[in-house]
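Q: Order-wise, the sequence lines are chains A, B and C. Numbering-wise (the working numbering), the first sequence opens with residue 1 and increments by one. Numbering-wise (the working numbering), the second sequence opens with residue 1 and increments by one. Numbering-wise (the working numbering), the third sequence opens with residue 1 and increments by one. For glycine and all other residues, C-beta sits at the position ideal for the given N, C-alpha and C. In this text, all values refer to a predicted model and were calculated from it rather than measured experimentally.
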Amino acid sequence: MNIFFLIILIFFSGAILSFIINKIAPKFSGITTFITIAVVVFLFFTQIEINSITQFSLGGIQMQFGVNNYTYIFAILVLGLSLLASLYSIKYMQNNDRLGYFYSNFILTVTGMLGIIFSRDFISFFIFWEIMTWSSYLIVLYNGKHSSKSGMKYMIFSAIGAYAMLTAIVSIKGSYGTFIISDAIQQGAFNFSENIYIPIMLLIGFAVKAALMPLHVWAPNAYSKSPMSFTSIFSGAMSKMGILGMGLVLASVYSQTTNDNTFSVLVLKQVLGWLGGITAVMATIYALIQTDAKKLLAYSSVAQLGYIIVGLSTGTKLGVMAALFLAVIHAVFKGALFMVAGAVEKQVGTTDMTKISGLIRKMPFTFFTALVSIIALAGIPPLGGFVGKWMLYEALITESNNYFLVIVIFFSSTAAFLYSYRFLFGLFLGQEEKETEHVKEAPVTMIIPMVILALILIVTGAYPGILFEPIAHGMHYLGFSDVNWDMSVLVNVWGEESNMAYINLSIGVVFVVVFLFLTIKGYKGTKNVGTKDISTSGEIPTENENLTFQLDFFKPFERAAAPLYKRSMDKIWNDLGNALEAIFDFTRRIYTGNGQTYALFVIIFLVILLIFKNTLFTN
Amino acid sequence: MINDKDSQKIVDFIQNFARKQSLFVMAYGTGCGAIEIPATMTSRYDAERFGIRGAATPRQADVLLITGYLATKTLKRVIRVYEQMQEPKYVIGFGSCTINGGMYFDSYNTINALEQYIPVDVYINGCMPRPESVISGFVKLQELIQQGKADNGKKYRENLEWYRANQKKIIKNWKMPDYNW
Amino acid sequence: MEDLGLKIFGAILTTILGFVVGMTYGGIVRKLTARVQNRYGPPFYQNFLDLLKLQFKKTNIAHGFMGHMAPVWIIIAAVTVLMFIPILNGHLWFPNLSFHGDLIFLLYMMVFGSLGMALGAGQTGNPNSAIGVTRGLSQMVGYEIPFVLSLVALMIQYKTTSVQDLTQIQHETGVWLAVANPFAFLAALMASLGMFRYSPFDIVGAPAELASGPVSEFGGKYLGTMMSGGAIFSFIKLTLYVHLFLGGAGNPEKTGIIAILIGLGILLIKTFILYMVPVFYGWINPRYRTEQAIRYFWGWPTALGIIGVLWAVY
Chain A
1 MNIFFLIILI
11 FFSGAILSFI
21 INKIAPKFSG
31 ITTFITIAVV
41 VFLFFTQIEI
51 NSITQFSLGG
61 IQMQFGVNNY
71 TYIFAILVLG
81 LSLLASLYSI
91 KYMQNNDRLG
101 YFYSNFILTV
111 TGMLGIIFSR
121 DFISFFIFWE
131 IMTWSSYLIV
141 LYNGKHSSKS
151 GMKYMIFSAI
161 GAYAMLTAIV
171 SIKGSYGTFI
181 ISDAIQQGAF
191 NFSENIYIPI
201 MLLIGFAVKA
211 ALMPLHVWAP
221 NAYSKSPMSF
231 TSIFSGAMSK
241 MGILGMGLVL
251 ASVYSQTTND
261 NTFSVLVLKQ
271 VLGWLGGITA
281 VMATIYALIQ
291 TDAKKLLAYS
301 SVAQLGYIIV
311 GLSTGTKLGV
321 MAALFLAVIH
331 AVFKGALFMV
341 AGAVEKQVGT
351 TDMTKISGLI
361 RKMPFTFFTA
371 LVSIIALAGI
381 PPLGGFVGKW
391 MLYEALITES
401 NNYFLVIVIF
411 FSSTAAFLYS
421 YRFLFGLFLG
431 QEEKETEHVK
441 EAPVTMIIPM
451 VILALILIVT
461 GAYPGILFEP
471 IAHGMHYLGF
481 SDVNWDMSVL
491 VNVWGEESNM
501 AYINLSIGVV
511 FVVVFLFLTI
521 KGYKGTKNVG
531 TKDISTSGEI
541 PTENENLTFQ
551 LDFFKPFERA
561 AAPLYKRSMD
571 KIWNDLGNAL
581 EAIFDFTRRI
591 YTGNGQTYAL
601 FVIIFLVILL
611 IFKNTLFTN
Chain B
1 MINDKDSQKI
11 VDFIQNFARK
21 QSLFVMAYGT
31 GCGAIEIPAT
41 MTSRYDAERF
51 GIRGAATPRQ
61 ADVLLITGYL
71 ATKTLKRVIR
81 VYEQMQEPKY
91 VIGFGSCTIN
101 GGMYFDSYNT
111 INALEQYIPV
121 DVYINGCMPR
131 PESVISGFVK
141 LQELIQQGKA
151 DNGKKYRENL
161 EWYRANQKKI
171 IKNWKMPDYN
181 W
Chain C
1 MEDLGLKIFG
11 AILTTILGFV
21 VGMTYGGIVR
31 KLTARVQNRY
41 GPPFYQNFLD
51 LLKLQFKKTN
61 IAHGFMGHMA
71 PVWIIIAAVT
81 VLMFIPILNG
91 HLWFPNLSFH
101 GDLIFLLYMM
111 VFGSLGMALG
121 AGQTGNPNSA
131 IGVTRGLSQM
141 VGYEIPFVLS
151 LVALMIQYKT
161 TSVQDLTQIQ
171 HETGVWLAVA
181 NPFAFLAALM
191 ASLGMFRYSP
201 FDIVGAPAEL
211 ASGPVSEFGG
221 KYLGTMMSGG
231 AIFSFIKLTL
241 YVHLFLGGAG
251 NPEKTGIIAI
261 LIGLGILLIK
271 TFILYMVPVF
281 YGWINPRYRT
291 EQAIRYFWGW
301 PTALGIIGVL
311 WAVY
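This is the structure we're talking about:
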């Protein structure tokens, strides 16, 4: 049997199996999911050859399955993260109801993502895209009534995206007579000079999943309302499907559009770049006023996707490389962070930062993961996040001449330090209050995936070349020739470099020296005390005294940036929704249920006919 | 390398010199004497030329300056602040009230002798002591430090039970953390 | 191997130089401030004495692992940045690693210390520390914007992102970048007011209000190590500014000992003059609230920075 069909079959049977097993023994539902994904991961990395194509026809339509170098990047990302998330999920979802529902949808989502990666034609691409959307929609609804509104928002925007995509696909068939993606690209389907709306429609479809402003409003709610073990792949991997599509379309647009039509491409670059930049800024400043850790991470996801889209929009070698690198790294650290939030939720019962604090001593491994991931998120050397940020800035400054976009991005990433600190402080630092005394470290099966992700971040900081290699191959597939990369040296087009080996060396040496100095010096005279032993003007805080500072955390910043907070895309969409509802409500009133009104309508219609009869029935 | 007696002497000298030339003062200004502190620190008398500088929290402070009378209620806070300071630490009693109660010697709600409750290195007499005498008190403390005679923290640790007994006599509802250095 | 030994020697020498210069400058500023306030003031080596005393403290308090690590982060950031900026243009004694990192890296590395410090301050559990940290971070978002604008202006004007190259350009053309792009220089200068945290931007560690803010729970060896890190950092910022805007120091053509000493002398003079800008500004100003400080940086400095970028483009 063909390996692609086998994988899809395993997935579907796994989904059904986990649903059935839940009826018999709910405990094993999660383990089934994990085993299913593990088997697929094993098959994928041992059996599949890159660039192999399987052809078949369904109802007379040519279809193709295969993996190329570009989609291979995303395959690694999706499979790796799903494997870890499903392992994490076993303990996280324990004791919950409707596990069969959750796990079968979990597997279906992964199936959808892997199917998208396999698809080489638009029909299967669209089918798998819808499988992914619907199953993830069902999981957003998993947490019950209060999440149905966020689910609705997610569904509406996904539908908008899907319709846009479907229109484009049908137009491609109409104009070029093919559903095969590579054939369509070769015939110039994404060529701006031939037709401008096919790529635009496709981009809209992908932008919904990539949470690009103004189509991002579903994301914060949907990310924070679904179970955390799913959100880590929802935000980490699924949003990257949008990036996958956008990368493919944009690269083709940039490489195929001929010189006489560069203006429209320029406009596209600027519009996408600025949309990405504004997404990053707005999501960041909203992230830093959140009091719920999950919500904070959800907004931060949107912001990070903004960077990635900025990188893609440049269309330069370094820019696209930065975008792809950031896409992988974002999947890793955001997957880890959502797992951290889930671990805290599991152990404490809430992620509201105004209610909990000081978990560092109780959950040290979770804190380690959170610390490493946050450092990567903030883009501070020497972790993987810095590599991506560095390439993004260098691309914007040296290659794309988009100088003010640099400032916008930089503003966003400096403000990101604020919410990074807020997340760490809110959950792990600060006063150790009585309410969280009973808290214990999360179970081992939840710790292992988190720590693995943290270690990946450390390793990719030291040797980003591990990721550069598949990315360079993928970019070659996209049409960028001679992509240079080095194991640990980052170089821009002007020849300046940042050498991660030296950076790590310097940091490591100083760390060891100073750490030993501080620890050994006066070791006997150094005492570790609790957080109640603080200098509070001689007052002794009692057991129940609340010394936690969590409310209005960044009030000064909020005051300074008050004008930025006035506009909210969410509000605009809500207003639009309300306005539409009002119009529909007005239209509905035509049907009064009164016979005389309907008679009046008939008479009015006849009168109109009589008046316009000359113009209507001339021939 | 510090086994050698001469080198130990040199190390001690450097340590004591640094300690005496850099005194971070936690001014516990509840009594009326606090009004003399600004005068001591500012242009006219300028205590900073002796390396004397204010500290905002007991963690950073070397000298606890008790300016004047201590009400029984504030005693608890003073003890807490004193215990939070890091060794080597010094205490200066400022004004007559800290020596024998001064004009509040028969008051029902002030303590009379500070050294019943925490060890004191230097007393500055007067009601009020003028900035000159404050500075002379600090210079006296510096001399003691240079000679290695100011071992306030050690004294407190060794006689902790005696001090605790005295403190508990004044503070009825005793709810202090243990001092276990 | 000899080469490696020389490099390690150079790195240690650089660190000591940065430390000594930073500490001495701090002491001189204390003395000068005292003279301005009509006081006699402490001796210029007072900061060294303070540091020694803090390191000689017999007992120390740490509030858990991150509290213990806070000074380590600061020193890591300070020394690493010091390794990656050129000290002298005539890179004979102090080449360190300045070819292996560029401005973007330096920008990010410089916030490493503040974030580590913030984490340490957070773990102490003192609400004052956390309030100070939020103020500090918010203020950082303020001054980073004009600073980055001016750096972007320089980078696109001369098509390089390396500090070394920018210094070399100034050496070759003989025109300081402060003259070549005055708007960028002004923006960076105004941003530096916030970086040094003198008045009016010193609300972060307000002693009377916040009990010295982030550092309120640190004493003894921890505070001492932080002080050394801060001293190195002030040297770093000054040196970076001198190399970016004020023509740098040192002459690559002459590599004798005397030339290097002259180069160091020029570096010290330039850095000292530059250091006096925030200090002078601080003497005559009261204190801004945080949001006022942020608004200040987003006002004229940012406008100047934007003009600087436009100047560089056209």
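1) Which residues does DSSP list as the beta-bridge partners of B:A71?
2) In whole angstroms, what separates the C-alpha of C:G120 from that of C:G113?
3) Quick one: grab the DSSP three-state call for A:S57.
4) How many angstroms separate the CA atom of A:T414 from the CA atom of C:L210?
5) Is it buried or exposed for A:I583, if we count other Cβ within 10 angstroms and need 16 for buried?
6) Just list the alpha helix (DSSP H) runs in the segment 209 to 284 of chain A, keeping only unbroken ones of 4 residues or longer that don't cross its boundaries, in chain order.
7) Kindly provide the ranges of any alpha helix (DSSP H) runs that are 4 or more residues long and lie completely inside the segment 497 to 566 of chain A, ordered along the chain.
8) So for B:V63, helix, strand or coil by DSSP?
9) Per DSSP, A:L490 is paired with what?
10) Residues of chain A with CB closer than 8 Å to the CB of C:S138, please, in chain order.
11) Quick check on A:K527 - is its C-beta less than 8 Å from some C-beta in chain C?
12) With 8 Å as the threshold, decide whether the Cβ of C:E144 is near any Cβ in chain A.
13) Please report the straight-line C-alpha distance between B:M1 and B:D12, rounded to a whole angstrom.
14) Any beta-carbon of chain A closer than 8 Å to the one on C:K7?
15) Can you give, in chain order, each stretch of the beta strand (DSSP E) that sits fully within the segment 295 to 361 of chain A and has at least 3 residues?
16) Against chain A, which members of the segment 69 to 83 of chain B pass a CB distance test of less than 7 Å?
17) Can A:G66 and A:R120 be called in contact, C-beta distance under 8 Å?
18) What is the DSSP secondary structure of B:V139, counted as helix, strand or coil?
19) Which whole runs of the alpha helix (DSSP H) in the segment 13 to 86 of chain A are 4 residues long or more, in chain order?
20) Output needed for C:L195: all residues of its chain with C-beta closer than 7 Å, excluding positions within five of it in sequence on either side, in chain order.
21) Can you say whether B:T98 is buried or exposed, counting buried as having 16 or more other CB atoms within 10 angstroms of its CB?
22) Could you tell me whether the Cβ of B:G93 comes closer than 8 Å to any Cβ of chain C?
23) Can you have a look at B:D178 and say buried or exposed, based on whether 16 or more other CB atoms are within 10 angstroms of its CB?
24) For a contact defined as C-beta to C-beta under 9 Å, what are the partners of A:G430 on chain B?
25) In the DSSP output, what is A:S119 paired with across the bridge?
26) Going by beta carbon distance, what residues of the same chain come within less than 7 Å of B:G29, once the five residues before and after it are set aside?
27) Using the C-alpha atoms, what's the distance from B:A56 back to A:T354?
28) Could you tell me whether the Cβ atoms of B:E87 and B:G31 are closer together than 8 Å?
29) I want to see whether chain A comes within less than 8 Å of C:G113, judged by CB atoms only; does it?
30) Roughly how far, in whole angstroms, is the beta-carbon of C:K57 from the beta-carbon of C:P42, given that I think they are within contact range, below 8 Å?
31) Locate the alpha helix (DSSP H) running through B:F24, then write down its first and last residues.
32) Check the Cβ of B:G51 against every Cβ in chain C and list those closer than 7 Å, keeping chain order.
33) Can you pull out the residues from the segment 209 to 229 of chain C whose beta carbon lies closer than 7 Å to at least one beta carbon of chain B?
34) So which residues of chain A does B:T57 contact, with C-beta pairs closer than 8 Å?
35) Would the C-beta of C:S212 count as close to the ligand HEM, meaning under 7 Å from any of its heavy atoms?
A: Taking the geometry as given:
1) One-based indexing of the second sequence puts residue 71 of chain B at position 71. DSSP output for B:A71 lists B:T110 as bridge partner(s).
2) Within the third sequence, numbered from 1, the residue matching residue 120 of chain C stands at position 120. Within the third sequence, numbered from 1, the residue matching residue 113 of chain C stands at position 113. In a straight line, the C-alpha of C:G120 is about 11 Å away from that of C:G113.
3) Here residue 57 of chain A refers to the residue found at position 57 when the first sequence is read from its first residue. Of the three classes helix, strand and coil, the one that applies to A:S57 here is strand, per DSSP.
4) Position 414 of the first sequence holds residue 414 of chain A. Position 210 of the third sequence holds residue 210 of chain C. Going from the Cα of A:T414 to the Cα of C:L210 covers about 24 Å.
5) Numbered from its first residue, the first sequence carries residue 583 of chain A at position 583. By the Cβ neighbour-count rule, A:I583 is exposed, with fewer than 16 other Cβ atoms within 10 Å of its own.
6) 218 to 225, 228 to 233 and 239 to 256
7) The qualifying runs are 500 to 520, 555 to 560 and 562 to 566.
8) One-based indexing of the second sequence puts residue 63 of chain B at position 63. Three-state DSSP puts B:V63 in a strand.
9) To locate residue 490 of chain A, count along the first sequence from 1; it is residue 490. According to DSSP, which records beta bridges pairwise, A:L490 is partnered with A:S498.
10) Position 138 of the third sequence, counting from 1, holds the residue named residue 138 of chain C. Taking a Cβ-Cβ threshold of 8 Å, the residues of chain A close to C:S138 are L418, F554, P556, F557 and A560, in chain order.
11) Looking up residue 527 of chain A in the first sequence gives position 527. So yes, A:K527 belongs to the interface.
12) As a position in the third sequence, residue 144 of chain C is number 144, starting the count at 1. Yes, because at least one Cβ of chain A sits closer than 8 Å to the Cβ of C:E144.
13) Along the second sequence, read from residue 1 onward, the residue named residue 1 of chain B stands at position 1. Along the second sequence, read from residue 1 onward, the residue named residue 12 of chain B stands at position 12. Residue confidence is low: B:M1 scores 49 on pLDDT, short of 50, so the model does not pin down where it sits. No coordinate-derived value is stated.
14) Position 7 of the third sequence, counted from the start, is the residue given in the question as residue 7 of chain C. Cβ-Cβ to chain A under 8 Å: no for C:K7.
15) none
16) Going along the segment 69 to 83 of chain B in chain order, one finds R77, V78, R80 and V81 with a Cβ nearer than 7 Å to chain A.
17) Looking up residue 66 of chain A in the first sequence gives position 66. Looking up residue 120 of chain A in the first sequence gives position 120. Yes; because the gap between Cβ atoms is below 8 Å, this pair is in contact.
18) Within the second sequence, residue 139 of chain B is the residue found at index 139, counting from 1. Helix.
19) 27 to 47
20) Locating residue 195 of chain C in the third sequence gives position 195, counting from the first residue. For the sequence presented, residue 195 of chain C should be read as Met rather than Leu. Hits under 7 Å: Y143 and K237.
21) Taking the first residue of the second sequence as position 1, residue 98 of chain B is located at position 98. With 16 or more Cβ atoms within 10 Å of its Cβ, B:T98 is classed as buried.
22) Taking the second sequence and counting its residues from 1, the one referred to as residue 93 of chain B is at position 93. Answer no: the Cβ-Cβ gap between B:G93 and chain C never drops below 8 Å.
23) Locating residue 178 of chain B in the second sequence gives position 178, counting from the first residue. With fewer than 16 other Cβ atoms within 10 Å, it is exposed.
24) Numbered from 1 along the first sequence, position 430 holds the residue referred to as residue 430 of chain A. Per Cβ cutoff of 9 Å: no residues; A:G430 is ~18 Å from chain B at best.
25) Here the question's residue 119 of chain A lines up with position 119 in the first sequence. Paired residue(s): A:F65.
26) Taking the second sequence and counting its residues from 1, the one referred to as residue 29 of chain B is at position 29. When the five nearest sequence neighbours on each side are left out, the beta carbons in the same chain lying within less than 7 Å of the beta carbon of B:G29 are those of I37 and T67, in order along the chain.
27) Position 354 of the first sequence holds residue 354 of chain A. Position 56 of the second sequence holds residue 56 of chain B. Between A:T354 and B:A56, the C-alpha separation is close to 28 Å.
28) The residue you call residue 87 of chain B lines up with position 87 of the second sequence. The residue you call residue 31 of chain B lines up with position 31 of the second sequence. Cβ atoms of B:E87 and B:G31: not closer than 8 Å.
29) In the third sequence, the residue the question calls residue 113 of chain C occupies position 113. Answer no: the Cβ-Cβ gap between C:G113 and chain A never drops below 8 Å.
30) In the third sequence, the residue the question calls residue 57 of chain C occupies position 57. In the third sequence, the residue the question calls residue 42 of chain C occupies position 42. Taking the Cβ atoms as the reference, C:K57 lies roughly 20 Å from C:P42, outside the contact range of under 8 Å.
31) For this step, residue 24 of chain B is matched to residue 24 along the second sequence. Careful: B:F24 lies outside any alpha helix (DSSP H), inside the beta strand (DSSP E) at L23 to Y28.
32) For the purposes of this step, residue 51 of chain B is taken as residue 51 along the second sequence, with counting starting at 1. Those are P42, Q46 and L49, listed as they occur along chain C.
33) A211, S212, S216, E217, F218, G219, G220 and L223
34) Stepping through the second sequence from its first residue, residue 57 of chain B is reached at position 57. Close partners of B:T57 in chain A (Cβ separation under 8 Å): S535.
35) The ligand HEM is not part of this structure, which contains no ligands at all.
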